[in-house]
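Before any comments, here is the structure.
Number of protein chains: 4
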Amino acid sequence: MSSLSIDPGLGEKFGKHTKRIINQNGSFNVKRNNRRLNPKDIYHFLVNLSWTRFLLVILAGYLLVNLLFGSVYFFIGVENLRNSLNSTPMNNFLSAYFFSIQTFTTVGYGGIVPDGFSANLVASFEALVGLLSFALATGLLYGRFSRPSARILFSRNAVIAPYKDIKALMFRVANLRNNDLIEVEANLLTVFADPVNHNRKYYGMKLERKSVYFFPLSWTIVHPIDEDSPFYNKSAKELKELQTEVLVQFKAFDDTFSQTVHTRFSYIVDEIIWNAKFKPAFEPDEKGEIIFDLDRIHDFELI
Amino acid sequence: MSSLSIDPGLGEKFGKHTKRIINQNGSFNVKRNNRRLNPKDIYHFLVNLSWTRFLLVILAGYLLVNLLFGSVYFFIGVENLRNSLNSTPMNNFLSAYFFSIQTFTTVGYGGIVPDGFSANLVASFEALVGLLSFALATGLLYGRFSRPSARILFSRNAVIAPYKDIKALMFRVANLRNNDLIEVEANLLTVFADPVNHNRKYYGMKLERKSVYFFPLSWTIVHPIDEDSPFYNKSAKELKELQTEVLVQFKAFDDTFSQTVHTRFSYIVDEIIWNAKFKPAFEPDEKGEIIFDLDRIHDFELI
Amino acid sequence: MSSLSIDPGLGEKFGKHTKRIINQNGSFNVKRNNRRLNPKDIYHFLVNLSWTRFLLVILAGYLLVNLLFGSVYFFIGVENLRNSLNSTPMNNFLSAYFFSIQTFTTVGYGGIVPDGFSANLVASFEALVGLLSFALATGLLYGRFSRPSARILFSRNAVIAPYKDIKALMFRVANLRNNDLIEVEANLLTVFADPVNHNRKYYGMKLERKSVYFFPLSWTIVHPIDEDSPFYNKSAKELKELQTEVLVQFKAFDDTFSQTVHTRFSYIVDEIIWNAKFKPAFEPDEKGEIIFDLDRIHDFELI
Amino acid sequence: MSSLSIDPGLGEKFGKHTKRIINQNGSFNVKRNNRRLNPKDIYHFLVNLSWTRFLLVILAGYLLVNLLFGSVYFFIGVENLRNSLNSTPMNNFLSAYFFSIQTFTTVGYGGIVPDGFSANLVASFEALVGLLSFALATGLLYGRFSRPSARILFSRNAVIAPYKDIKALMFRVANLRNNDLIEVEANLLTVFADPVNHNRKYYGMKLERKSVYFFPLSWTIVHPIDEDSPFYNKSAKELKELQTEVLVQFKAFDDTFSQTVHTRFSYIVDEIIWNAKFKPAFEPDEKGEIIFDLDRIHDFELI
């Protein structure tokens, strides 16, 4: 094999058992201890949560904060909340709770009004907390929406198909979202494991075409298995023994948000199909428009 | 023709009828099925809506949400809204509706006040929904304003004009907006269709000048038709038969928003005028200032 | 002169009188007619306003909108605003005006409360307008603060000073603000006017050093006047006749806001001092700290 | 020494005493006088404050502004605040203060309501100030969270370790935060001081590997001390006399925020350990996952 091993920053050692290096969601199988957490990481966590969970967190936070402030008003005594009848403890607590909500949200109907120093002081503080919380929510919502995120669909399998008079490793990618991606680039690495020395080696892989300018359709990434390829003269069995993994780096410019987006993916040896080729995923219709079915990006046929 | 066909990621097959590849607004004639929609696409949709439609959507949403919450208060019964007279159903509904609005907007005059658990609970939830809605609106408004968007004016036609001792394809571009664009670049591709094999081929086109640094005036993009050009030795009739389309990629750095902006355009064969040249679009006045009339960018004269 | 004329996108023709091409504030002497204005230009205008003017615009808008809505309530009749005494027209108008403010800001004390359909309807609409206005203000304030803007100080004059055994054109730049600028680059062009043909020509200018990595101090930009220079063998008188102008493009990466910033400047012939050199603008103090006085960046001495 | 001195924009002169050029937090030992401060610098200051201090500033501002407006209402006279009993001056002041808070936060319970022109006018203005303040807070909170900031951990010491058959200067870096950094680059400069001429000189340093693509683990930056190195044939004593400092520029693309981030660091001669090597900071566990302990990045052993 003529290509030289390179170091992509992923470490070379591995233990008795190995895991794939890059998971299907683009994360690494690395556990980092003694990281320093700071508020930005909480923000980051909330920005990356699914929408359902995010709204549940907001709702739970809303109920909890008001439970807290409601309890404070309750312990101060509802006689400090004008217009609220002093009745059963339950009703008193509800008065305190709903007064808290009216303060936190700055609705302030005035149906219940703080009386005296202590209730007014707590209410003053709660209104500030409320406004800052909604300032935070505004930022979080905007952050969630404006966060750059390519949603790239990779074909479930890579195939090894005939290509000119040699073979080539191929897989397909498409843009799952509506935003315009341009200046799309891919970069591939092969990882071979040496089970004796517990060492991994990384090899660059040449592509027929490293980038395309437009990306409205699917793009088939083609690595010709010539003498420079780490796959050259290797049988399926050999690749299996080497615990082969193909790492994919994918980069594009998101024209909609004016941001560069990156994504990662990998194919382990069991996800590489020998002697198969992809079926076309898009076709022109009678009107001349090209119909592209994103679900067909995975379809291949054995040959 | 000496230049090699290249693949810009747009597919080569086409059907019985063809459409232009890039529409005048920069979109592609591709229909994508089975895309995955997520909330970010709704955001993206709202950010790209015209201002009139955007404000109508906001207004409609406002009326609808309050209709919903108003109905809930109405069905709970207006006797749970203190100070609202229990009169005709219509008046009761209006009381409920306006109470809903006072809660949603957090105005909370207190003219009407929730009484009892159920009304208070709904109002608590509505105030939260209201605040989150306006947090969303804040993000949407900011998103609309800060979204990078070059508004580039392309001349309606490209012309084929004399250039040195050969001919050249020329068209003009200008910045429709006030923001400063710099480091302006253009890239051109010719598309020829082969009606027999239903195949399209793409060819790069050399430019006299690929980029200019400043862009306060119009810029004439010039493709000399020399032996490297896909247009070389082709008559107007031949270009028509090849269903010629010139794809334009345009890129600039928006100094005002510190963002790179891209735009696309295309000239189909019927939009290319032979033996014509552009009239000047800007001229110095007596004070030494250069007067540039954006509407004159389209003007050409036959020669 | 060996260097070739280039086209930076600024036009070559000029009239009887000429103005400098780039003004001291970086704008061009170009008047653009038939631009299309859209709301984004208003946003852009408000983001670029000085702080005093911006706050005056906000205040004026606040008074005006409430004057408008106040008048509507007044014409509907203050009998529709509960708790407001129907007294003199002036007092009635003030009641209507302050009720409008309480609605627009969503304070909603409830001292005055809308009664009846029409007042409630207008108030509903006003509360929406109010919330959207403050959503807009939020975006504008954030936009003003986060807008990338290098504030680069250029020395008032360029000097022509001895440099090795030839001469060189030199000027100095410094960062007026506290943010970290790195990867700082400069690019220079000379413009010569031909008063007979009313034509301008642009020439590139080589720099001793095109960029520096760090920028905590001042940077002296040096163009050696060798045989490649457009200034080569030209006397001060000749440069004056050619209406010489040196255009400066300046580019840096703002590490604080993670944005690339550009700025422009120019020196006309009268701002170029022959046989002068700059005085040092920074010096180490006894503690080893380097003291840099930004005001001394302009200081030169004749030689 | 074969490598040529270069100018990174940091000045060459120094005084009797010297300080390190780049401090551990990445700042320079430069004092800049006559900078122009503008509101953007205040924003920048607030965005960079620690969270505790930031919240204290917000709280202090909140109390102060309301103290101010509360005093105005108090001096106007609480008889202009309906429903507030005119009692002791202390109670009157508290009424005025809490009314101010209810106006500033737009809670507006209506327990106290402005009466008459002057109180209404001040309240109108305060509500505007309140809304703008919270608009500002929204922007500041979002600005704090979305600000690009790599938190890069540099090993406390650099070591001079055997490398192939020569020696090399090495140090380690890791990403302290959870965001994905990719396309990580380092650039090194050596600074030698000439105590006779009070002059500093800067020399580039070649790296074994200038960049890595992925950065989930630590990265060891290796400068081989070959004949091109400024360290070549220099003893520890000589380096000490030259007041050697190694400046590190570090650059990465933050995939989470789609922003390029830069950071700086330096090792002065006393922080460079001769004849030492780093201990491994990460190891595979039995499950095949790689465990990386960020605190072990500093660990080295003498050899």
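Protein chains in written order, with the numbering used here: chain A, 2 to 304; chain B, 2 to 304; chain C, 2 to 304; chain D, 2 to 304.
Idealized CB from N, CA, C, for every residue including glycine.
Keep in mind the model is a prediction, meaning the values are calculated, not measured.
Assign residue i to one of three DSSP states: helix, strand, or coil.
| i | result |
| --- | --- |
| V108(B) | coil |
| E284(B) | strand |
| L218(A) | coil |
| P90(D) | helix |
| T139(D) | helix |
| F99(C) | helix |
| A151(D) | coil |
| M2(A) | Residue confidence for M2(A) is low, a pLDDT of 43 falling below 50, so the modelled location carries little weight; the figure read from the coordinates is stated next. Coil. |
| N81(B) | helix |
| V123(D) | helix |
| R145(B) | helix |
| E209(D) | coil |
| K20(C) | coil |
| R265(C) | strand |
| D296(C) | helix |
| V197(B) | coil |
Between which two residues does the beta strand (DSSP E) harbouring residue i extend?
| i | result |
| --- | --- |
| N200(D) | 200-206 |
| N176(C) | 167-176 |
| F15(C) | Element bounds for F15(C): n/a, residue is neither H nor E. |
| K32(D) | 31-34 |
| E290(D) | Premise fails: E290(D) is in no beta strand (DSSP E) and is neither H nor E. |
| F232(A) | Segment: none, F232(A) is in no beta strand (DSSP E) and carries neither H nor E. |
| V247(A) | 246-255 |
| E302(C) | 301-303 |
| P163(C) | 159-164 |
Taking the alpha helix (DSSP H) that residue i belongs to, which residues open and close that run?
| i | result |
| --- | --- |
| H328(D) | For chain D, the structure presents residues 2 to 304; residue 328(D) sits outside this window and is missing. |
| V66(D) | 52-77 |
| E242(B) | 237-242 |
Measure the beta-carbon distance from residue i to residue j and round it to whole angstroms, keeping in mind my assumption that it falls under 8 Å.
| i | j | result |
| --- | --- | --- |
| L154(C) | D255(C) | With a Cβ gap of about 15 Å, L154(C) and D255(C) do not count as contacting. |
| L132(B) | F135(A) | 5 Å |
| S96(D) | I113(D) | 6 Å |
| F266(D) | N158(D) | With 8 Å as the limit, F266(D) and N158(D) do not qualify as a contact, their Cβ atoms being about 12 Å apart. |
| R21(A) | I273(A) | At roughly 13 Å, the Cβ-Cβ gap does not stay under 8 Å, so R21(A) and I273(A) are not in contact. |
| D8(A) | R210(D) | 7 Å |
| G12(A) | I226(D) | So it is not a contact: roughly 25 Å between Cβ atoms. |
Among the candidates the options, whose CA atom is the shortest distance from the CA of residue i?
| i | options | result |
| --- | --- | --- |
| E186(A) | V249(A), A237(A), R145(A) | V249(A) |
| F283(B) | Q244(B), L64(B), F216(B) | F216(B) |
| I293(B) | S88(C), K211(C), N34(C), K288(C) | As written in the sequence, residue 293(B) is Phe, which differs from the Ile given in the question. It is N34(C) whose Cα lies nearest to the Cα of F293(B). |
| H224(D) | K235(D), S88(D), K168(D) | K168(D) |
| V130(D) | F70(C), L50(C), V108(C) | V108(C) |
| P276(D) | F105(D), L65(D), M171(D) | Note that residue 276(D) is Asn in the sequence shown, not Pro. Nearest C-alpha to N276(D): M171(D). |
| L122(A) | G10(D), L189(D), L64(D) | L64(D) |
| V197(B) | V262(B), G10(B), T19(B), R210(B) | T19(B) |
| N81(A) | G62(A), D116(A), N92(A), V58(A) | D116(A) |
| N26(D) | H263(D), Y214(D), V192(D) | H263(D) |
| K280(A) | G10(A), E209(A), H299(A), F146(A) | H299(A) |
| Q244(A) | G289(A), A253(A), A194(A), S212(A) | A194(A) |
| F75(C) | A175(C), A61(C), G62(C), M91(C) | M91(C) |
If the cut is a Cβ gap below 7 Å, which residues of chain G does residue i touch?
| i | result |
| --- | --- |
| E228(D) | Included in the structure are the protein chains A, B, C and D, with no chain G among them. |
Would the C-beta of residue i count as close to the ligand SAM, meaning under 7 Å from any of its heavy atoms?
| i | result |
| --- | --- |
| V247(B) | The ligand SAM is absent from the structure shown, which contains no ligand whatsoever. |
- Task: Taking only beta carbons into account, state which residues of the segment 125-139 of chain B come closer than 7 Å to chain A, listed in chain order.
- Result: Contacts with chain A (Cβ-Cβ distance below 7 Å) from the segment 125-139 of chain B involve S125, A128, L129, L132, L133, A136, L137, T139, listed in chain order.
- Message: At a CB distance below 7 Å, what residues from the segment 19-43 of chain A approach chain D? Give them in sequence order.
- Response: Cβ contacts with chain D come from T19, K20, F29, N30, V31, K32, R33, N34, N35, R36, R37, P40, K41, D42.
- Residues of the segment 81-105 of chain D whose Cβ lies closer than 8 Å to any Cβ of chain A, in chain order: Listed in sequence order: L95, F99, I102, Q103.
- Which residues, in chain order, does the segment 168-186 of chain A contribute to contact with chain B at a C-beta distance below 9 Å? Legend: CB atoms of the segment 168-186 of chain A lying less than 9 Å from CB atoms of chain B belong to residues A175, N176, L177, R178, N179, N180, D181, I183, E184, V185.
- Near-chain A residues of the segment 246-261 of chain D - C-beta to any C-beta below 7 Å: Residues of the segment 246-261 of chain D with a Cβ closer than 7 Å to any Cβ of chain A, in chain order: D256, T257, S259.
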